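A short worksheet on the structure shown next.
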Amino acid sequence: PAILPNEPSNETLQEWDRVHQLHPWASMDDWQGYDNMLVDCAEGIYLWDGDGKRFIDGPGGMWCVQIGYGRGEMADAIAAQVRKLAYTSPFTNTTQPSAVLARKLAEMAPGDLNNVFFTTGGSTAVDTALRTMHFMNNRLGRPEKKIVISREKAYHGSTYLAHSVTGKEREKSRFDIEKRLVRFLPDVNPYNRPEGMSVEAWCDEKVADLEKIIAEVGADRIGAFIAEPILSSGGVIVPPPGYHKRTFDICKAHDILYISDEVVTGFGRLGHWFASEDVFGIQPDMITTAKGLTSGYLPLGACIIADHVLERCASPDDPTLFSNGYTYSAHPVSCVAALTNIEIFEREGILQHVREVTPVFQGRLRALKDRFPLVGDARGMGLLGCVDCKAPNFAAEKRLGQMIDDACEEKGLLVRPFANMAVFSPPLIITAKQIDQMFDILESALEKVSAQVASEGGL
Ligand code: PMP
Numbered sequence: 006p007a008i009l010p011n012e013p014s015n016e017t018l019q020e021w022d023r024v025h026q027l028h029p030w031a032s033m034d035d036w037q038g039y040d041n042m043l044v045d046c047a048e049g050i051y052l053w054d055g056d057g058k059r060f061i062d063g064p065g066g067m068w069c070v071q072i073g074y075g076r077g078e079m080a081d082a083i084a085a086q087v088r089k090l091a092y093t094s095p096f097t098n099t100t101q102p103s104a105v106l107a108r109k110l111a112e113m114a115p116g117d118l119n120n121v122f123f124t125t126g127g128s129t130a131v132d133t134a135l136r137t138m139h140f141m142n143n144r145l146g147r148p149e150k151k152i153v154i155s156r157e158k159a160y161h162g163s164t165y166l167a168h169s170v171t172g173k174e175r176e177k178s179r180f181d182i183e184k185r186l187v188r189f190l191p192d193v194n195p196y197n198r199p200e201g202m203s204v205e206a207w208c209d210e211k212v213a214d215l216e217k218i219i220a221e222v223g224a225d226r227i228g229a230f231i232a233e234p235i236l237s238s239g240g241v242i243v244p245p246p247g248y249h250k251r252t253f254d255i256c257k258a259h260d261i262l263y264i265s266d267e268v269v270t271g272f273g274r275l276g277h278w279f280a281s282e283d284v285f286g287i288q289p290d291m292i293t294t295a296k297g298l299t300s301g302y303l304p305l306g307a308c309i310i311a312d313h314v315l316e317r318c319a320s321p322d323d324p325t326l327f328s329n330g331y332t333y334s335a336h337p338v339s340c341v342a343a344l345t346n347i348e349i350f351e352r353e354g355i356l357q358h359v360r361e362v363t364p365v366f367q368g369r370l371r372a373l374k375d376r377f378p379l380v381g382d383a384r385g386m387g388l389l390g391c392v393d394c395k396a397p398n399f400a401a402e403k404r405l406g407q408m409i410d411d412a413c414e415e416k417g418l419l420v421r422p423f424a425n426m427a428v429f430s431p432p433l434i435i436t437a438k439q440i441d442q443m444f445d446i447l448e449s450a451l452e453k454v455s456a457q458v459a460s461e462g463g464l
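For the sequence shown, the UniProt record's numbering assigns the number 6 to the initial residue and increments by one for each residue that follows.
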C-alpha cells in the first residue's frame with residue numbers, strides 16, 4: 006500500500022490518542038500511560054506502523070481478518086452498496102444483502118439452525134442468544150428456568166449479559182455483574198490436569214462437573230449452557246476429545262439450550278464454516294458468530310437460532326414482541342461485506358487452504374515445547390495457537406507474553422500477549438512459507454526472552 010506521511014504527525018496523533026481516546030480493557034490507574042501502536046495501513050498478512058515498519062499480523066487483527074487486508078473486491082463492493090443504499094431500518098424493512106446473507110448463513114449452519122438474527126458484533130449476538138432463552142422459557146411458563154452455565158476463562162463479550170457469563174478475569178471485574186443467574190464450571194484445560202491423570206480421566210471429571218452442577222441447581226432452573234468450542238481469549242484452550250459431545254448430550258437430556266459461541270471458531274479458523282458440527286459433532290440450539298463473518302472489514306454479528314427454539318418462542322394466543330434489536334442490525338453495507346467475504350472464501354478455497362496449512366502451523370507450534378524449557382505448553386487447533394510460558398521463579402512471569410511480543414515486534418511480528426501467554430490467529434490466507442517465517446521470528450524471540458529470564462535466575 007502507498008505509505009504517505011501522516012498529517013498531523015505521528016507524534017501528535019499518539020499524543021491525542023493518549024489524552025483523549027479510551028481504549029478497551031485498559032487500566033483506569035494509568036489511563037494515559039499507554040503507548041498504543043499507530044497502525045497506518047495493511048495488505049495481505051502484513052501491516053505497517055506510522056514509521057513505515059512492516060509486521061506480520063500474528064493475531065489477525067483480533068482473530069478476525071480471515072481473508073487478509075486491503076482486498077480491492079471488498080472495497081468495491083462496500084463502496085457500491087454505500088452508493089446504492091447505505092442504510093435502512095431493520096425494524097420495518099429488509100434489503101437484498103441481508104436477505105441473501107440470512108439465507109446463506111442458514112445453509113452454512115448445521116441442522117435446523119435456519120433463523121438469523123443480525124447484531125452489531127459478538128457481544129450483542131451473545132446477548133440475543135441469552136435473551137432468546139429468557140423469552141422462550143417465560144413463554145413456556147417456566148420463568149425460573151433461566152440460570153446460565155458458563156465456564157472459567159470463557160470470554161463472551163462486554164455487554165452486561167455477555168460480561169456476566171464471561172469467566173475470564175471475573176473475580177477482578179469492578180462492574181456489577183449478574184450473579185444470581187450464572188454459574189461457572191471449573192477450568193477445562195487438559196494442560197492443568199493433575200500430574201499422572203490421563204486426558205480421558207480429565208474429560209470424565211469435566212463432564213462430571215456439569216452433571217454435578219445440574220444436580221445441585223436443578224435442571225428446572227437451568228436455561229442454557231454457553232460454550233466456545235475453543236476457549237480463545239482464555240488462552241486457546243482445547244477441551245479434551247469427546248468433551249463437547251458428552252456435555253451437549255447432557256444438556257439435551259435436561260432440556261437445557263446449548264449455545265455455541267463461534268465468534269472466533271467460525272468462518273474458517275478451524276477449516277470449516279462452523280466448528281460445532283464439522284469438528285465437534287454437535288448441533289447446537291443457537292450459534293453466535295461475528296468477527297470472521299466480515300473478516301473485520303465492517304462490524305457485524307449474528308445469532309443463528311434453531312427452528313425448534315423459535316417454535317417454542319411462539320404463542321399465538323398471547324402475541325408479544327421480541328423486543329431486542331439494534332439500529333445497525335442487518336446493516337446493508339456490513340451484509341455486503343459479509344457476502345463478498347464469503348464469495349472470496351469460496352472462490353479461493355480458503356477453508357481447504359486452512360486444512361492444508363494447519364499441519365505446518367501446528368507442527369511448528371508444538372515443536373516449541375521440546376525446544377524451549379520456558380514453554381510449558383504449546384497448543385491449538387486449525388490456525389489458532391497459544392504459547393503458554395512457565396517460569397515460576399521469575400518475578401515477572403505474568404509479563405512473559407508481553408516480553409515475547411516486544412521481542413517479536415523488533416523483528417517484524419505482532420503477537421497477542423495474555424499474561425504469560427502469546428496467542429496466534431493469523432489471517433487464514435497465510436502461506437506455509439509465511440507460517441515458517443512467523444515461527445522463525447517467534448523462535449528467535451523465545452531465545453532472547455529465555456536468556457533474559459535465565460539471567461534473572463528464573464529458569
Ligand atoms: N464471544 C467470543 C468467543 C469472543 O472471542 C468475543 C470477542 N473476542 C466476543 C464474543 C465478543 O465479540 P465483540 O467484541 O464483537 O462484541
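No residue lacks a Cβ here, since even glycine has one placed at the ideal position from N, Cα and C. As the structure is a computational prediction, the values presented were derived from the model and not from experiment.
Local conformation of residue i per DSSP, three classes
i         : result
GLY297    : helix
residue 1 : As shown, the chain starts at 6 and ends at 464. That puts residue 1 outside it, with no answer to give.
MET79     : helix
PHE429    : strand
ILE235    : coil
CYS208    : helix
GLY65     : helix
ARG421    : strand
GLY162    : coil
MET443    : helix
GLY240    : coil
ILE287    : coil
LEU106    : helix
PHE366    : helix
PHE60     : strand
TYR39     : coil
ARG136    : helix
ASP410    : helix
MET33     : helix
PHE96     : coil
LYS89     : helix
ALA167    : helix
ARG352    : helix
PHE253    : helix
ALA130    : helix
SER455    : helix
LYS177    : helix
ILE347    : helix
TYR331    : coil
Per DSSP, the bridge partner or partners of residue i
i           : result
ASN120      : ILE310
TYR74       : GLY49
CYS391      : ARG384 and VAL428
SER265      : ALA232 and ILE292
residue 545 : Residue 545 is absent from the model: the chain starts at 6 and stops at 464.
VAL44       : ASP54
ILE227      : ILE152
Top-ranked residue by Cα proximity to residue i, from the options
i           : options                           : result
ASP45       : PRO244, THR363 and ASN11          : ASN11
SER460      : ALA400, ARG108, HIS161 and MET138 : ALA400
PRO6        : ASN41, ALA84, ASP40 and TYR74     : TYR74
SER328      : ASP322, CYS318 and HIS336         : CYS318
THR129      : TYR331, VAL420 and VAL454         : TYR331
GLU205      : TYR92, ARG251, GLY297 and VAL170  : ARG251
LEU118      : ALA47, THR124, GLU183 and LYS109  : LYS109
THR293      : GLU233, SER334, ASP312 and SER339 : GLU233
TYR302      : VAL105, GLY247, ARG147 and GLU78  : GLU78
GLY172      : TYR248, SER238 and TYR196         : SER238
residue 467 : TYR39, LEU18, GLN26 and GLN86     : With the chain represented from 6 up to 464, any question about residue 467 goes unanswered, as that position is not in the structure.
ASP132      : GLY116, VAL420, ALA111 and THR164 : THR164
ILE8        : GLY57, ALA295, GLY146 and PRO324  : GLY57
ALA91       : ALA114, ALA335 and ALA437         : ALA335
GLU402      : VAL454, PHE140 and ARG59          : VAL454
ASP441      : GLY38, ASN98, ILE61 and GLY201    : ILE61
Contact test: residue i Cβ vs the ligand COA heavy atom, cutoff 7 Å
i      : result
ALA311 : Absence of the ligand COA is noted for the structure shown, with the ligand PMP being the only ligands found.
- [ ] Please confirm if the stretch 52-60 is in contact with the stretch 279-290, defined as three or more CB-CB distances below 8 Å between the two stretches.
- [x] no
TODO: Assess, as a yes-or-no matter, whether the stretch 147-158 is touched by the stretch 184-196 under the definition of 3 or more beta carbon pairs within less than 8 Å.
DONE: yes
Open item on the list: Whether or not the stretch 432-448 and the stretch 366-383 are in contact is what I'm after, with contact meaning three or more pairs of Cβ atoms, one per stretch, closer than 8 Å; do they touch?
Closed with: yes
Open item on the list: Can you confirm whether the stretch 373-380 touches the stretch 339-349 when touching is taken to mean that 3 or more C-beta pairs between the two stretches lie within less than 8 Å?
Closed with: no
Open item on the list: Taking 8 Å as the cut-off, does the stretch 416-432 touch the stretch 243-256 (at least 3 CB pairs, one atom from each stretch)?
Closed with: no
TODO: Check whether the stretch 386-397 touches the stretch 420-431, counting contact only when three or more Cβ pairs, one atom from each stretch, lie closer than 8 Å.
DONE: yes
Open item on the list: Contact between the stretch 220-228 and the stretch 257-276 is defined here as three or more beta-carbon pairs at a separation below 8 Å; is this criterion met?
Closed with: yes
Task: the stretch 59-72 in contact with the stretch 265-274 per 3-pair CB rule at 8 Å - done: yes
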